[in-house]
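Okay, structure first, notes after.
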Amino acid sequence: MKARREIPMGLETVIEEVLGRGRVEAEEIRKAAGVDRDRLLAEERLEGERFMSARVRDATIKAERTRIQDLARAELESKKIILAAQKEVLDEVYSRSLQALSSLPDRNEIVRALLNANAADWRAGKVYASPGDADNVRAVAGPNFAGTIDSLGGVVIESGDGTRRNDLRFEALFSDVWRDSVREVAEILWPSK
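For reference, each letter of the sequence shown is one residue, going 925 to 1117 in this note's numbering.
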């Protein structure tokens, strides 16, 4: 068995002193490392919070943008539906109005007024009429009556040389009036707010 070497007393004090300083330095290094660690963790937490805050802000902006786009899309779709329904109503009003034109009670007077207002044109040319107005037009236009045309009523006057046609059919006249006043009709049906 080996005997333990004895350390002289002065040397033991030096060793204890060195070990003590080593412990103190190790503790200071550990404390400094702890402070550095806490600082780095705080910086990383702050950076993480900034990152999360930016992500939340971006997500909120994106969600709001998407909500606005969805709302705009829904409003546009509802306007399309409303416009389609309004167009359907206007088409129905137009169709019923045309039907009413074909059975006007003072139809003969209207046709005669059209002929009288355009007498200079048809006297040198030809007059065509709807089957329902043929007898009335024949009585006024005489030999210038050229036959019947598919029409709800009214006349078509053709120049003597055949280069011009004046379309005075009820549906043509109504179409012109309708085109000029469809906004007014729509305003009557659906007043602006």
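Virtual Cβ for every residue (Gly too), placed ideally from N, Cα, C.
In this text, all values refer to a predicted model and were calculated from it rather than measured experimentally.
Here I1073 carries a coil assignment [DSSP, helix/strand/coil]. Comparing alpha-carbon positions, the option among D1085, S1083, P1055 lying closest to G1071 turns out to be P1055. Residues of the same chain with a CB within less than 7 angstroms of the CB of A1058, apart from the 5 flanking positions on each side, are T1072 in chain order. A residue is called buried when at least 16 other Cβ atoms come within 10 angstroms of its Cβ; N1040 does not meet this threshold and is exposed. In this chain, the alpha helix (DSSP H) harbouring L1113 covers 1094-1113.
Under the three-state reduction of DSSP output, G946 falls in the helix class. When the Cα atoms are used, A1009 and W1046 turn out to be separated by approximately 43 angstroms. Beta-bridge analysis with DSSP links E1082 to K1050, R1089. When the alpha-carbon of S1019 is set against those of E936, F1094, P1067, the nearest one is in F1094. A direct Cα-to-Cα measurement between E1001 and I992 gives close to 14 angstroms. Within the same chain, L1113 come within 7 angstroms of V1013 by CB-CB distance, once the 5 residues on both sides are set aside.
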